[in-house]
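Going by the numbering used here, the first residue of the sequence shown is number 994, and it counts up by one from there.
To start, the structure itself, in C-alpha cells.
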Amino acid sequence: MSLSWSAQLSEFLRFLQDAGITHLPVTEKDPVEGLFQEVQACRACRLHKTVTNKVFGQGPVPCPVMLVGEGPGADEDRTGIPFVGRSGQLLDKILAAVNLSRKDVYIGNVIKCRPPNNRTPLPDEVDRCMPFLWQQIDMVNPVFVIAMGAVAARALLGMEGALGRMRGRFYRVKGRYYMVTYHPAALLRYERYKRAAWQDWKQFRAAFTAYKEKGELPEAFDTNVLR
Ligand code: SF4
C-alpha cells in the first residue's frame, strides 16, 4: 500500500533528522525576477490592453552604466527585448564607438508597454510606470544614467523644455551622474542631431574613463547638482 503524501513527508523529515540535517536552506526570491514578475502582472495603465510583450529591460545587475529610452516600439513589442530593430542597431554602433557593448550596460525604458502606433506615452502612463524604473535603477545601481530622448529626460530629471537645452552637462542626483542625449530613433529621423549626439557620447566616454581612474567626476566636467 502506498503512503499518503503527508506520511511520505514525515518519513523524509525523519530521515533528514537521523542524518543530522536540521535546517534546510531557503532560496530568497531574486529581487530583479520579483520586479520582472510585477511588471508582467501590471495593469496600472491602459497600455496593458494592447501590449504583446512587455519590455522589462536587459543587462547585468549591478552595472555602472544604465541607458534609459522612452518605451518599446513595434520590434520590441514583438520580441520583449529593448532596442532591437534599426534604433537598436544604431545604439550598438554608438556603444562600440565609446568602447562599450550591450553586455557592459543595462538598458531600460520609461514605460514597459508599447503605446499604440508608437505614440508618445501620456503623462499618466509615465507616472504609473516610473515606480518600476526607479526600482530598476536602485537594483542596477549605476554610476551613470543616460537619458535618451526628452521623455526619459523629463521623467528622470523632472525637467521641462527642449532637449537641446538639457544636454551638454551632467546632473548629479543622489550620488549618480545623469546625462541627457538624443534618442537613437531621433538620430535616424533627423541627420542634424548627429553631431550634437556624438559630442554627448564623447563627453560620456571621457567622464566614464575619468571616473574609473579617480572614483568621482573631476571638476572639469560641467555638473549640476539637482538633489
Ligand atoms: S506601461 Fe507600465 S504602468 Fe502601464 S500597464 Fe505597462 S507596465 Fe503597467
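No residue lacks a Cβ here, since even glycine has one placed at the ideal position from N, Cα and C.
> Under 8 Å from any heavy atom of the ligand SF4, does the C-beta of Val1044 make it?
Replying inline: In the sequence shown, counting from the first residue as 1, residue 1044 sits at position 51. Checking every heavy atom of the ligand SF4 against the Cβ of Val1044, one is found closer than 8 Å.
> Which same chain residues, not among the five before or five after Thr1216, have their C-beta less than 8 Å away from its C-beta?
Replying inline: Within the sequence shown, the letter at position 223 stands for residue 1216. Excluding residues within five positions, the ones whose Cβ falls inside 8 Å are Arg1162, Phe1163, Tyr1164, Arg1165, Tyr1170 and Leu1210.
> Per DSSP, what kind of secondary structure is Met994 in: helix, strand or coil?
Replying inline: As a first step, residue 994 is located in the sequence shown; it is residue number 1 there, counting from the start. The pLDDT assigned to Met994 is 49, lower than 50, so where the model puts this residue is not dependable; a value taken from the coordinates is nonetheless given after this. In the displayed model, Met994 falls within coil according to three-state DSSP, outside both helix and strand.
> Which stretch, first to last residue, makes up the alpha helix (DSSP H) that contains Val1048?
Replying inline: By 1-based counting over the sequence shown, the position of residue 1048 is 55. Bounds of any alpha helix (DSSP H) do not take in Val1048, whose DSSP letter is neither H nor E.
> Nearest-angstrom Cα distance between Val1173 and Asn1092?
Replying inline: On the sequence shown, position 180 is the one that residue 1173 refers to. On the sequence shown, position 99 is the one that residue 1092 refers to. Val1173 and Asn1092: Cα-Cα distance of roughly 19 Å.
>> Closest to Leu1104 by C-alpha separation, out of Ala1090, Ile1087, Leu1084 and Leu1126, would be which residue?
In response: Taking the sequence shown and counting its residues from 1, the one referred to as residue 1104 is at position 111. According to the sequence as given, residue 1104 is Ile; it is not Leu. Comparing Cα positions, the closest option is Leu1126.
> DSSP on Asn1134, reduced to helix/strand/coil?
Replying inline: Walking along the sequence shown from the start, residue 1134 turns up at place 141. Coil at Asn1134, not helix or strand.
> With burial defined as no fewer than 16 other Cβ atoms inside 10 Å of the residue's Cβ, what is the status of Pro1018: buried or exposed?
Replying inline: The count along the sequence shown starts at 1 and reaches residue 1018 at position 25. Any reading at Pro1018 is ruled out, since the residue's pLDDT is 49, under 50, leaving its predicted position unreliable.
> Is Asn1110 helix, strand or coil when you go by DSSP?
Replying inline: Indexing the sequence shown from 1 puts residue 1110 at position 117. Here Asn1110 sits in helix by DSSP.
> Assuming Phe1080 contacts Ala1178 under a Cβ cut-off of 8 Å, what Cβ separation, rounded to an integer in Å, is found between them?
Replying inline: Looking up residue 1080 in the sequence shown gives position 87. Looking up residue 1178 in the sequence shown gives position 185. Reading off the sequence, residue 1080 comes out as Ser, not Phe. Yes, Ser1080 and Ala1178 are in contact; Cβ-Cβ is about 5 Å, under 8 Å.
> Any chance the segment 1117-1135 sits against the segment 1094-1108, with 3 or more Cβ pairs inside 8 Å?
Replying inline: Three or more Cβ pairs drawn from the segment 1117-1135 and the segment 1094-1108 lie within less than 8 Å of each other, which places the two stretches in contact.
>> At the level of alpha carbons, what is the spacing between Phe1197 and Lys1042?
In response: Locating residue 1197 in the sequence shown gives position 204, where the first residue counts as 1. Locating residue 1042 in the sequence shown gives position 49, where the first residue counts as 1. For Phe1197 and Lys1042, the distance between alpha carbons rounds to 38 Å.
>> Can you give me the C-alpha to C-alpha distance between Gly1050 and Arg1160, rounded to a whole angstrom?
In response: On the sequence shown, residue 1050 is found 57 positions in, with the first residue counted as 1. On the sequence shown, residue 1160 is found 167 positions in, with the first residue counted as 1. Straight-line Cα distance between these residues: approximately 24 Å.
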